[in-house]
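Report on one structure; see the data block that follows.
If you want it as structure tokens, here you go:
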């Protein structure tokens, strides 16, 4: 560490990942994160952030249909809707539920909270265009709503994320022909606010709340390519 700061301190001007900086200093990529690196920094009175590092998360999986801006980016909670909607766009369509859609992002459930932390750092330039709209579509259950509300709240200073309203309404319409909707898991966190519902009309909100209060839910998979 001493040798690095004396002879190679200019390298700190260029940002590197935590593991890259660790190898650069100690020739061990995990030394700073999982071994004795933190203790050494603390002993020397050095803050790890002063080494100009950034922390990496799992890459954000996405499909780019067009890089034209501004555009709508759609985050999808589950894998099946991501593939179905991607196939829909690949087949020559440009709209999903009559909404022009340029990019699909696979959220992987709660994983979107962590992977979206690096959005500004890792996303392609077109994805960060200030005129873009970021939409979210997940299961109509406590957990799906909670994921949206946590995501919207956590990143509200950088991005306004709104529910993909036509998809949720399509779920409700199709659910009317389902005799018995699946039962909500007891382990689900039911602590949601009114933020999600604020985007919908009163009639739609009543239908949604009725399903939730009956301990039922609508999975995204109720919709498929024929519905888009």
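Residue numbers (the working numbering): 2 to 229.
A virtual CB, placed ideally from N, CA and C, is assigned to each residue, including glycine.
{"Query": "Assuming contact is defined by CB atoms lying nearer than 7 Å, are residue 102 and residue 77 in contact in what I supplied?", "Result": "no"}
{"Query": "Just curious, the alpha helix (DSSP H) that residue 83 is in, first and last residue?", "Result": "80-91"}
{"Query": "According to DSSP, which residues form a beta bridge with residue 51?", "Result": "DSSP output for residue 51 lists no bridge partner at all."}
{"Query": "Starting from residue 120 and walking both ways along the alpha helix (DSSP H), at which residues does that stretch end?", "Result": "120-123"}
{"Query": "With distances taken from CA atoms, which of 54, 2, 48 is nearest residue 18?", "Result": "54"}
{"Query": "According to DSSP, simplified to helix, strand and coil, what is residue 185?", "Result": "coil"}
{"Query": "Given this structure, state the Cα-to-Cα distance separating residue 174 from residue 209, to the nearest angstrom.", "Result": "11 Å"}
{"Query": "Would you give the residue range spanned by the beta strand (DSSP E) that residue 138 belongs to?", "Result": "134-138"}
{"Query": "Suppose the cutoff is 6 Å on Cβ atoms and the five residues either side in sequence are ignored; what does the same chain contact list for residue 79 look like?", "Result": "221"}
{"Query": "In the DSSP output, which residue or residues are listed as bridge partners for residue 104?", "Result": "65, 74"}
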